[in-house]
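If you count by our numbering, then the sequence shown holds residues 371 to 705, one letter each, in order. By construction, the Cβ of each residue, glycine as well, lies at the ideal position given by its N, Cα and C atoms. First the structure, in the form of structure tokens, and then the observations on it.
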Amino acid sequence: SSSAWPLRSSGFAATDFRAMVAIALGTAVVVAPLVLRALLRWRRELERQLVDAVIANGWHIDTKATPETLRPEDRARFALAPDETYRQPDVADGVWHGIVPGGEGHPGKNSATALSEWAVWTTGTLFTAAECDGWVERADGMHLEKGDFIFKTGRSGFERMPTGARRVSNTVLVHDPEKAALIEERMCRNGGCPERLADGRCFRGVRDRFLVSKYEPGQYFAPHFDGCTVAREDIDRGALNGCCGAFTCVLYLTDDFVGGATLYLPGQGSEVGAAVAVRPKRGCAVVHRTITVLHAGARLDPGLAKYIMQFALMYDAPADEAAANSLIKPLRWGA
């Protein structure tokens, strides 16, 4: 019987089909990696935007702004100086002082929500005068990077992010496992940190990455909450891998400058109930909790430079993923 659509023996042959399949496969082999790379770039860009949004914390960041071009109202928010409304405790004796109780700024001043009895405190002597001098000389002998940026943790380690003139100082990251062990021994000896937090996580040590900063007259660090990251690259102190920083120590290498106090501020969920300005004695540190304590580096007045070094106190990371996600955050701006 005849067909309305007769087959043509000279039409599409098996060899033609195999050729088309070969071409399609060849195209897929070439195109698939390109598509995969494009998807990975898109994912990385999305992750970057999400992290940058967390860091901005609802504030607009003009990355082109400089200290010289800041509007007066922005300078007033960034370059703080304590006034008569700030409590200014006397910590010149160089011994331990409790400064801000845990949860002081939370509704009802509920210390039950705090991870430790104190959210901010000062330590006894961690460095002698000679050791402070040595670190100042060491800093001056290194390349301190002057600029308007913060270090944020990225895929390639520490990455620089513009702040919109919120932080202006000279900094360098120093890796020193021996000094970390020495500070740890001295802190533990004088009760400088809690051994266990309210959620059961234990103190594991001092991280051996030190951020050494030199502030010159007019420089400052705008209000912010410190971030909390998991240590994964501490090769020389492998016991800290997987731990996270629960507190930041700000050790004062000099104290003969004017201005430049570390300020602790209320509001925006901060544990601080009322503004405090702290100026530790040279060789001592002021310690504050990460994530929940709003603080700033006050503007340095004309005169001598200010030298400090910052480092983290490391604790067990939460075993529960949801709890870990609530703690592991980047720095967040408060102005």
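Of the listed residues the options, nearest to residue i (C-alpha basis)
i	options	result
Tyr-762	Arg-447, Ala-693, Ala-402	Because the chain spans 371 through 705 in this model, residue 762 falls outside it and cannot be assessed.
Thr-498	Leu-450, Lys-549, His-476, Asp-460	Lys-549
Leu-674	Ile-698, Gly-630, Ala-655, Ala-687	Gly-630
Pro-471	Gln-458, Leu-485, Arg-652	Leu-485
Glu-555	Gly-494, Asp-596, Met-390	Gly-494
Phe-681	Ala-449, Asp-671, Cys-598, Val-401	Cys-598
Pro-452	Arg-669, Ile-698, Ala-500	Arg-669
Nearest-angstrom Cα separation, counted from residue j out to residue i
i	j	result
Leu-552	Cys-619	14 Å
Asp-569	Thr-492	23 Å
His-665	Val-657	11 Å
Leu-543	Ile-393	53 Å
Glu-529	Asp-460	37 Å
Gly-468	Val-490	7 Å
His-594	Cys-654	22 Å
Asp-606	Trp-505	Here Asp-606 scores only 48 on pLDDT, less than 50, and its place in the model is too uncertain to base an answer on.
Arg-536	Ile-678	18 Å
Gly-517	Ala-408	33 Å
His-545	Gly-396	49 Å
Thr-433	Asn-427	15 Å
Ser-526	Thr-385	For Ser-526, the predicted model reports a pLDDT of 44, less than 50, meaning its position is unreliable; a value from the coordinates is still stated below. Their Cα atoms are separated by approximately 50 Å.
Gly-704	Trp-429	8 Å
Leu-701	Pro-437	20 Å
Arg-388	Glu-415	40 Å
Ala-616	Leu-404	41 Å
Glu-582	Lys-676	Sequence check: residue 582 is Val here, not Glu. Whole-angstrom Cα-Cα distance: 11 Å.
Pro-477	Glu-691	26 Å
Residue i - DSSP class collapsed to helix/strand/coil
i	result
Ser-486	coil
Ile-553	helix
Ala-647	strand
Ala-394	helix
Ala-423	helix
Leu-440	coil
Cys-558	helix
Phe-627	coil
Val-401	helix
Glu-529	strand
Ser-539	strand
Phe-693	Reading off the sequence shown, one finds Ala at residue 693, where the question assumed Phe. Three-state result, Ala-693: helix.
Trp-412	helix
Ala-435	coil
Thr-632	strand
Pro-471	strand
Arg-447	helix
Any non-hydrogen atom of the ligand SAM closer than 6 Å to residue i Cβ
i	result
Gly-511	Among the ligands in the structure shown, none appear at all, so the ligand SAM cannot be discussed.
For the region 491–523, list the alpha helix (DSSP H) runs that are entirely contained and at least 4 residues long, ordered along the chain. Counting only runs of 4 or more residues that sit fully inside the region 491–523, the alpha helix (DSSP H) segments are 499–511, in chain order.
Counting Cβ pairs closer than 8 Å, one from the region 637–645 and one from the region 579–590, do we hit at least three? no
Decide if the region 609–617 is in contact with the region 560–579; the criterion is three or more beta carbon pairs, one per stretch, under 8 Å apart. With a cut-off of 8 Å, the region 560–579 and the region 609–617 count as touching, because enough Cβ pairs lie within range.
If we require 3 or more residues per run, which beta strand (DSSP E) segments fall completely within the region 574–623? 579–585, 590–595, 614–622
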